[in-house]
Structures are given as C-alpha cells and as structure tokens.
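Asks: In our numbering, the protein residues as written are 34 to 921.
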RNA sequence: GCGGAUGUGGCGGAAUUGGUAGACGCGCUAGCCUCAGGAGCUAGUCUAGGCAACUAGGUGGAGGUUCGAGUCCUCUCAUCCGCACCA
C-alpha cells in the first residue's frame with residue numbers, strides 16, 4: 034500500500050481485476066431468490082460521455098453495489114440506443130457512413146464508462162443498430178400487424194420544399210428548415226402507426242400498480258398526456274343533406290344553449306357547404322399560418338367562417354348555423370363541437386367576435402359560484418354576460434330538462450340520445466396512435482413489401498431481419514436515402530414471387546428503447562427476442578433511473594410494449610418498472626460578455642475564469658484568465674455547448690479520479706434535484722477519500738491478531754465505546770438512506786463517522802486491543818459502505834485490511850448494525866421554559882418520564898427561569914425534551 | 001390560463017415527520033506546518049449586542065392552531081416545471 038492515495042494507479046488496477054475476474058457478471062439462477070434488476074436509461078452514442086451520464090450511471094451503480102453487498106443477484110447491464118438522426122447528420126456533413134460513425138462513438142464511450150469503473154455486465158451489451166437486435170424490432174412489428182395493432186394511414190409530416198426532405202419537429206422549429214431556412218410545409222404521406230390508443234384505458238388503470246414507486250409528477254404527466262375525457266357524442270342532422278354531424282361534448286346538459294355547430298376547417302362536412310370555396314380558402318389560410326412560425330406560447334386568435342349549412346339541435350329541434358372555426362381540432366374528439374357560449378370560455382370568445390347570440394341555460398345553485406348575470410325576460414344574454422359560466426348548476430330554458438342538476442342531466446341526456454338513436458355516451462382520449470414511420474436511413478427497416486398483385490405483404494418471419502444496406506447516398510436533399518438503394522428496394526413478393534418493392538420507411542428509435550431491457554436478460558438469443566424463463570427471473574425492473582425528459586414518450590411506449598408482450602404471452606405482468614427515479618439536470622455557472630451583435634453573448638468556460646469573492650464567500654466578480662478583463666457572472670444553467678459551461682468527465686477523472694467524481698455527484702445534492710457542478714466541490718470529495726485512505730494506512734499494521742474476544746475481555750474505553758456507537762449508528766443511517774436513494778445524506782453520515790475517527794486520539798502503536806478492535810470495526814464498515822460510491826478505493830482498502838480476492842468474492846457483506854450499540858445509553862435532553870430553549874441535561878436513555886422531568890427541573894440554568902414562578906405544567910417527550918410551562 | 005412542485009446561512013443542502021434549526025460539504029477568516037503549493041493540520045463561521053457566560057431575533061411574507069411550528073391550517077408573494085384552444 035502506498036503512503037499516499039494515487040487514484041489513477043488504484044483505479045486502473047481494480048478495473049483490470051474486475052474485468053479479468055468477471056466480478057459483475059450475473060446469471061439467472063432459480064436457486065437465488067434474492068435478485069435485483071437495476072437499470073439506467075441507455076445512452077445515445079453521441080461520442081462523448083457528459084456529466085448527465087456520469088450522474089445517471091453513478092446513481093445506478095451505487096445501488097447495484099449496495100444490493101450485491103446485501104447478497105442480491107444483481108443484473109446491471111448497459112447498451113446503446115444507436116439508431117437515430119445524428120449518425121445520419123454526420124453522414125451528410127462529413128461523408129462518414131452512419132454505422133462507422135456510430136461504432137466508433139460506441140467504442141470511445143465504452144472506454145469512458147470503463148474508466149468510470151461502472152459495474153456493468155458488459156457481456157450483455159445490447160446495440161440497437163445491429164441486425165441481431167433490430168431483427169426483433171421487426172418481429173414485434175409483424176406481431177403487431179397480425180393483431181391489427183399496426184396499420185397505415187395518411188398523416189402529415191414536416192416537409193422542406195427546397196431540399197425535398199422530411200424534417201423532424203426539432204428540425205423545423207420556427208417553421209423554417211434548420212439547414213436551408215426555407216419555409217416548412219405540411220405534407221400528407223402514408224405512414225405506419227401502432228394502436229397504442231387501444232391500450233389507453235389500461236395505461237391509465239395500471240398506474241395504480243406503480244403509484245408507490247413512481248414519482249407523482251411523472252404519473253400526472255402521463256395522465257394528462259392520455260387525457261381521458263368522458264362525455265357524449267351527439268349527432269346533428271344537417272338540413273337539406275343526408276349528412277349528420279357528430280360532436281363530442283362533456284356538457285350535454287348545456288345543449289339547449291348551443292348557438293352553432295363549429296367544425297374543424299378541414300372537416301369533411303365542408304364539402305356540402307354552399308360556400309365551400311370560401312371555407313377552403315379559410316382552411317388553407319389556417320393551415321399556412323400554423324405551418325409558419327408558431328411561437329411557443331402564442332395562441333391564435335379565434336376565427337371562423339359560416340359554412341351556410343344549418344344543423345338541427347336534436348334536443349330542441351332548433352336550427353343553428355354550422356361554422357368552421359380554427360379553434361376546433363381535427364385530431365381531437367370528432368373534429369366538431371357544439372358551441373355553447375354561455376358555458377364555455379372558447380365558445381364565448383368566438384360568439385363575441387362574430388356577434389352570435391348567447392343563451393344562458395345553467396344557473397348557479399350555490400352562493401360560492403359567481404353570481405348570475407342575466408337580463409330577465411330576454412333570451413339573448415350577449416350583453417349581460419361578461420364571461421362564460423362553466424360550472425355545474427341547475428338547468429334552465431332547457432325544455433323538459435329544466436330544473437335538473439348538471440350531474441344527473443349529463444348522464445341521462447346521453448342515455449336519452451342513445452335511446453333515440455342520435456347519440457351515445459362516449460369516452461375520448463387525447464392520446465393518439467404512435468406514428469412509427471421515419472423517412473430515414475438510420476433505423477430498423479419496416480418489414481413490409483409492396484406487390485402490385487398482392488398489395489401490402491408482411492415479410493415472413495423466416496426472412497428476418499430485413500437488413501439495412503451498408504451504404505446509401507446522403508446528399509441531404511432528394512428522397513429518403515433507402516429509396517435510392519435499388520438492391521434494397523427491389524425484391525420479390527413473398528407471396529407470389531413476382532418483383533416487388535420494399536417499404537423504405539424505418540422505425541422510430543423509441544421502438545428500440547421500448548423493450549431493450551428485456552433483451553438484456555438474454556442478449557444473444559437468435560431464436561426469439563428473449564427466453565421467457567430468463568426474463569421471468571429478472572423482470573420486472575426493480576429500479577429504473579433516468580432523466581425526467583423521458584417521463585412521457587419513452588416511459589409510456591415501454592409500458593405499452595410491455596402490455597403487448599403480455600398479450601402475446603411473452604411475459605405475465607402489466608408493468609415493466611416497479612420503481613422509477615428521475616434525476617435532476619447537471620447545471621454549471623455561466624460567464625459571458627456582450628457580443629458584437631446587440632443582445633448576443635460570448636460565453637466563457639468556467640475553467641477559463643477567475644472568480645473573486647468577498648469575505649463572506651459571495652461571488653463578487655469574475656475575470657477572464659486569458660486577458661484579465663471582467664466577465665459577467667450569469668446564472669446556473671444546464672451544462673452544454675451553447676453556454677460553454679460543460680465539463681468533460683475525462684478531465685475530471687484525470688485530475689481527481691473516477692471515485693472522487695462519483696462521490697461528488699452523489700453527495701452534492703439529492704438525486705432528484707438539479708446538481709450544481711462546482712469544481713471546488715469535487716476537491717472536498719477527494720479530501721474525504723484521502724482521509725479515509727490515510728486512516729487505513731496508519732492503522733492497518735496494528736490490526737494483526739485482534740479478535741473480538743480479546744477485545745471484549747478488556748472492555749472498551751469510553752472513547753472506544755463512543756466510536757463504536759458512531760459506527761453502528763452510521764451503518765443504520767446509511768442503510769436506511771440507501772433504501773430511499775438518499776445518497777447525499779448517506780455520504781454525510783460517512784463523513785461524520787470519519788470525523789469521529791479523527792477525534793479518536795489514540796496512536797496505533799499505543800492502542801489497547803479493544804481500541805484496535807473498535808478502529809478496525811469502524812474502518813471495515815466504512816470501507817464497505819464506501820464501495821458503492823468509490824469502488825476502486827474501497828477495493829484497495831479492503832485488500833489493505835487483509836482481505837483477498839476482491840470485495841465481492843471475499844464474501845464481504847453490507848455491514849449489519851447492532852441495535853444496542855446504535856442507541857446511546859446517555860441522551861441529551863433539551864429543556865425549554867415556555868417553549869424557549871433554556872438548558873440541556875443528560876439523562877440515561879432508558880430514563881422514565883419522571884426521572885427526565887426531575888433532571889430537567891433540577892438544572893441550574895432552568896431554575897433561573899422557573900424559580901419563583903408558578904408552574905402550570907411540564908411536557909416530557911422521552912429521549913428528546915422537556916418543556917416547562919410557567920405563568921409569567 | 002390550467003395543473004404540479006419548491007421557497008431554510010454567502011452556496012449545495014440537513015432536520016428522526018409537531019420536539020435542541022442550520023448536520024455534512026463548499027466557500028470564507030485566523031493560526032500551525034512548509035521545498036510558500038490549488039497540499040496537510042487546528043480553530044472559527046445564521047444575524048445583532050457582549051471579552052465571555054449569555055441575551056434577543058431568525059426557515060419568502062402576514063395571520064392562525066399548539067405547551068411547542070421549518071414541519072399542520074388560511075391568505076399572500078416569488079421561482080421552477082409540465083400542459084396549453086382537448087370541447
């Protein structure tokens with residue numbers, strides 16, 4: 034053992050040891066019931082690990098180590114979400130083939146992971162872009178197709194007319210093409226969809242199974258995304274046509290107040306309009322406005338045109354106009370609404386703009402509701418009402434329904450409509466089917482063949498995988514790259530054998546990430562996506578860790594995929610993840626100067642800035658290291674290129690070691706909070722590790738031959754007793770903190786223990802056997818508890834303490850605490866007089882209430898406040914405090 | 001606009017869930033050691049007063065419940081996040 038702690042030397046040594054001994058390799062083993070699946074979201078191989086990754090995987094790695102030490106069989110795998118756009122961008126920009134680019138990145142990042150010392154079972158690595166993996170994406174797609182869950186429909190994409198390419202939402206933000214700046218258009222093309230909406234109800238219902246383990250806000254976001262809404266469909270006959278227009282409403286009770294039917298601008302009913310050209314022009318305009326710069330947060334003004342059609346209110350028989358309005362969405366409900374301005378804010382706004390009549394049909398029933406504004410005796414309330422009354426109430430002016438309450442009327446009016454054949458109760462969802470088609474090269478090809486004779490033909494399972502060609506033209510313009518590869522496109526029909534063409538769309542990368550963690554359980558299986566028994570052993574995932582940005586899409590899709598896999602008999606549970614943890618961002622200070630352009634900023638990397646502090650430690654100013662001139666101190670922001678405040682994990686490892694970096698990210702903040710990266714903080718982590726290292730170095734020689742019996746025979750000195758108490762109490766605290774993923778307080782507890790060891794002022798040379806026993810007990814516990822945070826150092830110290838074969842193979846177990854030792858035999862009791870702290874007394878931990886009270890009242894300082902006063906009562910909280918209430 | 005969360009020293013954050021506010025770390029101050037280094041060690045560090053023991057105040061703000069409130073209740077302010085014409 035070196036006298037000093039040299040991280041790089043130790044880290045290399047143990048990384049080699051782990052690799053050679055297969056320390057983190059796990060196998061499903063029916064005889065080992067205690068098993069734990071610890072999963073972190075797999076990264077996109079952009080080429081470089083960033084601090085967000087370091088944090089994400091440090092959290093998971095710590096938990097994996099903890100469970101291993103507790104004797105669990107732990108599955109902790111890693112893989113690559115390696116399909117996706119950046120690879121294609123690299124191909125366009127630099128002419129590198131996506132596969133080459135991707136694999137080089139993976140190579141590099143895997144090396145970075147290894148330098149961090151994460152305890153992955155690398156044999157299980159899953160890589161989305163390999164045919165061995167995406168073959169099963171295709172297989173699942175075919176299974177969905179068989180079950181009617183995959184289908185094709187026309188749907189719009191962002192289209193750059195200048196380049197003739199399809200753009201993602203991101204690439205067309207602001208309504209212009211990110212590359213050439215041309216105005217983006219919407220174009221309708223046929224695309225593949227998965228019927229996730231068939232599972233909407235289950236996706237909502239099954240949330241009850243995971244409520245305890247998932248963050249409330251993630252479930253809320255998913256609930257909102259699914260957007261369940263119960264109401265009714267009502268059909269309005271359109272006069273002079275055979276058409277009926279169906280609307281969806283949650284408030285049938287307000288139907289007597291309907292002044293119009295408003296349909297989406299591109300609603301099919303428009304065909305029957307006598308002024309359909311006007312309506313079409315309107316629809317075109319709305320369309321164009323939407324495609325163009327849509328500022329986030331900007332709400333369009335409500336606009337509409339009268340279609341000239343008239344519809345019959347099936348309840349009242351009243352004739353009302355049909356309008357087309359920009360505020361009615363084609364995609365939601367039926368694309369048509371009944372407009373009830375008196376009781377809906379949007380309809381109110383619309384009616385005001387076009388001077389449509391407003392009729393109040395719901396009155397308040399409680400004084401807590403806003404007072405009724407109305408002109409008695411006048412039907413049209415346009416003048417009286419200042420805003421819509423959207424609450425439930427009592428029905429008025431509603432024919433036979435008048436006098437009923439909203440709640441009952443909503444139900445019964447829907448039933449009435451159903452009985453009369455002009456409507457039904459209905460539930461709608463905001464959730465839409467999952468569009469999986471991408472007009473891209475770098476994705477799993479959708480296994481479909483188009484044959485002139487047979488139509489749409491699925492590729493037979495036995496012909497999978499449909500392999501992505503090695504090369505394609507990535508000119509950045511023209512057609513989808515796959516369409517330009519004749520060897521790929523031209524094939525024969527699996528049914529009739531005649532020439533046919535392949536589907537050139539590839540799959541959304543969310544498909545890959547929907548089931549990858551099942552593949553980890555059996556990553557090399559060539560006959561099936563995975564072996565059911567292996568998956569049954571490991572899944573569902575015990576703990577999943579990742580960024581909150583995946584709260585909706587990825588996590589909803591993977592829940593959907595799980596339910597589908599259940600339905601085809603691959604697994605037998607509903608929910609893939611028992612516990613979910615969403616970690617906060619890594620943020621760092623920003624420094625900048627005003628740029629040449631007004632409002633532009635030139636950012637300085639924190640490493641190139643000197644910060645000046647006042648004597649309270651407040652940052653008062655900062656200067657550039659380069660020129661010594663001042664720079665402006667900005668707020669903490671997410672690390673990244675745009676703010677030039679990123680920190681390279683490699684540099685951190687070089688300067689401080691992987692262990693210190695890992696310890697710091699786990700200590701600096703609770704895992705769900707944002708983490709403020711401060712270089713000084715990692716210094717503190719390193720200091721702590723050095724301290725622990727030097728304790729072991731100082732004491733290890735003196736531990737020989739000290740047994741528990743020998744130590745106990747001599748009894749423990751008060752100091753040694755105190756140290757043992759601290760040790761056992763710390764084990765208790767750290768163990769509990771782990772269960773709640775409270776790493777920051779776990780580390781704090783270990784630091785306290787190390788401070789206690791520092792206060793134990795006995796020299797190793799002159800220590801009694803009992804002292805040496807106590808110190809060894811402390812150090813062994815500390816080293817093992819530190820393993821999840823700083824595994825390399827812990828391995829080194831464990832070896833220095835005389836254990837062979839590495840921590841996991843040496844049979845080491847997470848330390849157990851002795852309840853009796855963790856408790857104190859003397860406790861300090863706070864004594865308050867009238868709620869103010871006036872003194873502290875020490876009593877036996879087992880002291881009765883009476884004894885505690887007596888001790889408190891006997892205290893001199895307390896008596897100074899109570900003598901001569903009338904005592905009203907005393908409150909005693911055993912083990913904590915005494916409050917004496919006196920009359921003033 | 002709707003929904004959710006959070007406000008504690010100069011900073012990140014603790015506080016056994018109604019019981020000693022500020023653990024632990026960073027930063028800062030002073031001292032020691034020193035080949036004077038961004039190393040190590042020791043002490044101090046919520047605010048005000050005092051040499052000190054101590055006293056008073058203090059958890060965004062205002063009320064309230066309670067022997068006792070960072071924690072519970074009411075109102076209010078601020079910040080952050082999500083959704084955004086969802087009928």
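Note that CB positions come from ideal geometry on N, CA and C, so glycine has one too. Note that the structure is predicted; figures quoted are calculated from it, not measured.
Taking buried to mean at least 16 other C-beta atoms within 10 Å of its own C-beta, is residue 335 buried or exposed?
Replies: buried
Asks: Return the chain-ordered list of same chain residues with a C-beta closer than 8 angstroms to the C-beta of residue 294, the five sequence neighbours on each side being excluded.
Replies: 269, 278, 280, 344, 353, 354, 355, 356, 369, 370, 371 and 372
Asks: Provide the residue span of the beta strand (DSSP E) that contains residue 611, from first to last.
Replies: Run containing residue 611: 610-616, per the beta strand (DSSP E) assignment.
Asks: If you reduce the DSSP assignment to three classes, tell me which class residue 181 lands in.
Replies: coil
Asks: Among 890, 245, 306 and 452, which has the Cα closest to the Cα of residue 347?
Replies: 452
Asks: In angstroms, rounded to a whole number, what distance separates the CA positions of residue 131 and residue 120?
Replies: Their Cα atoms are separated by approximately 5 angstroms.
Asks: Indicate, with yes or no, if the ligand GDP has a heavy atom lying under 6 angstroms from the CB of residue 677.
Replies: As presented, the structure is devoid of all ligands, the ligand GDP included, so that no description of it is given.
Asks: Hey, quick one: how far does the beta strand (DSSP E) through residue 870 stretch, first residue to last?
Replies: Where residue 870 is concerned, the enclosing beta strand (DSSP E) stretches over 869-877.
Asks: Express the C-alpha separation of residue 549 and residue 474 in angstroms, rounding to a whole number.
Replies: 21 angstroms
Asks: Taking the straight line between their C-alpha atoms, what separation do you get for residue 157 and residue 85?
Replies: 23 angstroms
Asks: Is there contact here, the region 817-835 with the region 861-877, by at least three beta-carbon pairs under 8 angstroms?
Replies: no
Asks: Would DSSP call residue 284 helix, strand or coil?
Replies: coil
Asks: Would you call residue 94 buried or exposed, if buried means 16 or more other Cβ atoms sit within 10 Å of its Cβ?
Replies: Residue 94 is classed as buried because its beta carbon has at least 16 other beta carbons within 10 Å across all chains shown.
Asks: How would you write the range of the alpha helix (DSSP H) that residue 643 sits in, first residue to last?
Replies: It is not in any alpha helix (DSSP H) - residue 643 instead sits in the beta strand (DSSP E) that spans 642-646.
Asks: Label residue 399 either buried or exposed according to how many other C-beta atoms from any shown protein chain fall within 10 Å of its C-beta, with 16 as the threshold for buried.
Replies: exposed
Asks: What is the DSSP secondary structure of residue 638, reduced to helix, strand or coil?
Replies: DSSP places residue 638 outside both helix and strand once states are collapsed to three, so it counts as coil.
Asks: Based on Cα-Cα distance, which residue from 835, 639 and 690 lies nearest to residue 732?
Replies: 835
Asks: Which runs of the alpha helix (DSSP H), 4 residues or longer, sit entirely within the region 541-578?
Replies: 542-552 and 565-571
Asks: Starting from residue 891, follow the alpha helix (DSSP H) in both directions and report where the run begins and ends.
Replies: 882-891
Asks: Where do the N-terminal and C-terminal ends of the beta strand (DSSP E) with residue 908 fall, by residue?
Replies: 904-910
Asks: Rounded to whole angstroms, how far is the Cβ of residue 623 from the Cβ of residue 684, which I believe are closer than 8 angstroms?
Replies: The C-beta separation of residue 623 from residue 684 comes to about 19 angstroms, leaving the pair out of contact by the 8 angstroms criterion.
Asks: Cutting at 7 angstroms between CB atoms, please list the residues of its own chain near residue 36, excluding the five before and the five after it.
Replies: Closer than 7 angstroms at the Cβ level, and outside the excluded window around residue 36, lie 730.
Asks: Could you tell me whether the region 172-190 touches the region 215-234, where touching means 3 or more Cβ pairs closer than 8 angstroms?
Replies: Put simply, the region 172-190 touches the region 215-234. At least three CB pairs are less than 8 angstroms apart.
Asks: Less than 7 angstroms between the C-beta atoms of residue 761 and residue 850, yes or no?
Replies: Yes; because the gap between Cβ atoms is below 7 angstroms, this pair is in contact.
Asks: Return the CA-CA distance between residue 919 and residue 908, expressed in angstroms with no decimal places.
Replies: Using only the alpha carbons, I get a separation of about 12 angstroms.
Asks: What are the complete alpha helix (DSSP H) segments, minimum 4 residues, inside the region 115-142?
Replies: 118-127
Asks: Leaving out five residues before and five after residue 912 in sequence, what residues of the same chain have Cβ atoms less than 6 angstroms from its Cβ?
Replies: 860
Asks: Measuring CA to CA, which of 297, 338 and 296 is closest to residue 308?
Replies: 338
Asks: Across which residues does DSSP place residue 768 in a beta bridge pair?
Replies: None; residue 768 has no bridge partner.
Asks: Identify, in the order they occur along the chain, each residue of the same chain with its Cβ nearer than 6 angstroms to the Cβ of residue 460, setting aside the five sequence neighbours on each side.
Replies: 263
Asks: Nearest to residue 6 by CA position, among 750, 501 and 415, is which residue?
Replies: Outside the displayed range of the chain (34 to 921) lies residue 6, so it cannot be described from this structure.
Asks: When you compare only the Cα positions, how much space is there between residue 869 and residue 910?
Replies: 15 angstroms
Asks: Reducing DSSP to helix, strand and coil, say where residue 468 ends up.
Replies: strand
Asks: Closest to residue 236 by CA distance: which of 221, 255 and 168 is it?
Replies: 255
Asks: For residue 687, is the classification buried or exposed, using 16 other Cβ atoms within 10 angstroms of its Cβ as the cut-off for buried?
Replies: exposed
Asks: Taking just the CA atoms, how far does residue 288 sit from residue 351?
Replies: 11 angstroms
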